[in-house]
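The structure under discussion appears below in the form of structure tokens.
What follows is the structure, encoded as structure tokens:
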């Protein structure tokens, strides 16, 4: 009797655990879908980026580690952005990972709309850098196709005004506070680019597939 | 032609449908006669202008403007359900005229008034009207509930991240002034803002991405707060 009873208890317990795991996954999936819709309201329905009052960057195909790093940087105020602080500070670590992994797999066409006049100059800077100004080739870290890797972001297809805004305002937005983070790597490079060189690089990468 | 019908009905509302006046004093009756004559002149002028497009073009954009201000107010500051056009983004006004023409903007009042009101506008006329109204200085409606304005401002700036309500500020700007094709919301009337936000949730104007998605997340309290706050923004 005792053994049968124990079996019954075990079976019930196993079933209860299985059901609760199933349920919690269903809830998480639900929550993920709602959160994705929330992200895509501003970042575009396929994560291709969007032009609101501010340019909202492309997230499609972005490196998950970069997205996670940036969301943490918003929360810890290492990256200044009032809107994204509010967005990011309610995300649980598991949600954050799930979102980052979702966007990695999206592949819409570039948003477009960049001026095309300096694409050739941008390509040269991207591939060869500007040795005279101490600017390394972007491709060295971001890859020849601009797809990035690990914590290094994808630039291919990124919105032109977003790229210009970030490179021109690197020091006022990134790497705030006393903690040094990966954004420090870009600070001298961003500083050494002139406005027209920034625009050239931005227009080149914005049209990369 | 349907524009003419609209004008007539406005004329009737303004000058004719007041039977009780007939029983008032001679003085009142004389005043009414004068009003009728003036009103009739306007209607004849409007009908003439709309019936002869060549004449309308010759006289610049004035007749077209008058056609809008019948409902949107003489200085285009909006009147009850007709939103303010003054200071609105020109590209937004143009897009909306196109939306009315193509029936993509299918809200109840749009259907009832705007579909016919824009039916005879050419793209050039639409652009001229949009530029004209955009150039007028906007005034805030100030007709929301002041007690809800603070809550509304918080939602406007931050959204409600826990409830997946996005920040309005990201697209409509720090002072709700709009940009390019994104409309100015600051100072629009409480009732208009509330209706629009509710109607997206009900499925109207479904093509206006991403607003249907945004508004569907808003509850009645959030809509009240946002519409109140925005009515005071200048």
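Residue numbers (our numbering), protein chains in the order written: chain A, 1 to 209; chain B, 1001 to 1234. Glycine included, C-beta positions come from ideal geometry on N, C-alpha and C. All of these numbers come straight from a predicted model, not from anything done at the bench.
Around the C-beta of residue 43 of chain A, 16 or more other C-beta atoms lie within 10 Å, and the residue is accordingly described as buried.
Residue 120 of chain A is positioned such that its CB atom lies no closer than 7 Å to that of residue 129 of chain A. Nearest C-alpha to residue 207 of chain A among A:182, A:114, A:80 and A:153: A:114.
In the pairwise beta carbon analysis, the stretch 90–97 of chain A is classified as not touching the stretch 171–180 of chain A: fewer than three pairs are separated by under 8 Å.
For residue 1228 of chain B, the enclosing alpha helix (DSSP H) stretches over residues 1220–1232. For residue 1115 of chain B, the CB contacts under 7 Å within the same chain, skipping 5 residues up- and downstream, are 1100 and 1103 in chain order. Only residues of its own chain outside the window of five on either side were considered, and among them none has a CB closer than 6 Å to the CB of residue 1191 of chain B. Buried is the label assigned to residue 64 of chain A, since at least 16 other Cβ atoms lie within 10 Å of its Cβ. A:132 is the residue among A:36, A:51, A:54 and A:132 whose C-alpha sits nearest the C-alpha of residue 193 of chain A. Pairing residue 1155 of chain B with residue 1171 of chain B gives a Cβ-Cβ distance that is not under 7 Å. Taking the CA atoms as reference points, residue 28 of chain A sits about 37 Å from residue 1177 of chain B. Counting along the chain, residue 161 of chain A sits inside the alpha helix (DSSP H) bounded by residues 160–168. Pairing residue 1158 of chain B with residue 1127 of chain B gives a Cβ-Cβ distance that is not under 7 Å. As a beta-bridge residue in DSSP terms, residue 1082 of chain B pairs with B:1079. Our two residues, residue 1092 of chain B and residue 1180 of chain B, have alpha carbons roughly 7 Å apart in a direct line. Annotated as distal: residue 1164 of chain B and residue 162 of chain A, with beta-carbon spacing of 7 Å or more. By the neighbour-count definition (other C-beta atoms within 10 Å, threshold 16), residue 140 of chain A is an exposed residue.
Taking the CA atoms as reference points, residue 1079 of chain B sits about 52 Å from residue 191 of chain A. In this structure, residue 60 of chain A sits near residue 108 of chain A, with a CB-CB distance shorter than 7 Å.
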